[in-house]
Amino acid sequence: MAIVVVYLNHETSEGVFDPEEHFKIAKSCPVPKLPGVIEVAVRRHATGKRIFSGQVKLESWADLQTLENWHKSDGAQEWHEKFAKTGNFFERIIMEVYE
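In our numbering, the protein residues as written are 11 to 109.
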């Protein structure tokens with residue numbers, strides 16, 4: 011069973027909303043290279059809401075701890091700042107995937 015961590019983002023108060031740039035940053039950051047990461051994706055709301063999600067698909071619950079540790083690391087702050095320039099993060103959801 012895989013795990014997907016979903017980071018929901020919406021337009022900032024300054025009108026910033028750039029899911030394409032978010033995806034470019036996601037592909038270049040260290041997360042796709044972490045152990046247990048299967049996929050990194052960005053999905054945009056298709057019916058007009060200014061919402062997009064950044065998603066990290068993991069092999070198992072154990073790999074979630076690796077992702078959490080990376081988010082708390084000193085090097086992650088630089089990436090958090092880059093992601094913040096693409097939209098306003100407002101919620102994280104963790105889902106189990108049955109395939």
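Ideal Cβ placement from N, Cα and C applies to all residues, glycine included.
This one's a predicted model, so the numbers in the text were calculated from it and none came from an experiment.
{"query": "Exposure of residue 40, with buried meaning 16 or more beta-carbon neighbours within 10 Å", "result": "exposed"}
{"query": "Spatial neighbours of residue 36 in its chain, beta-carbon cut-off 7 Å, leaving aside the 5 residues before and after", "result": "50, 52 and 64"}
{"query": "Element boundaries [beta strand (DSSP E), containing residue 67]", "result": "61-68"}
{"query": "C-alpha distance - residue 11 paired with residue 17, whole-angstrom precision", "result": "20 Å"}
{"query": "Closest by C-alpha distance to residue 31, when choosing among 92, 84, 74 and 70", "result": "92"}
{"query": "Residue 44 in three-state terms, based on DSSP", "result": "coil"}
{"query": "Simplified DSSP state of residue 24, which is helix, strand or coil", "result": "coil"}
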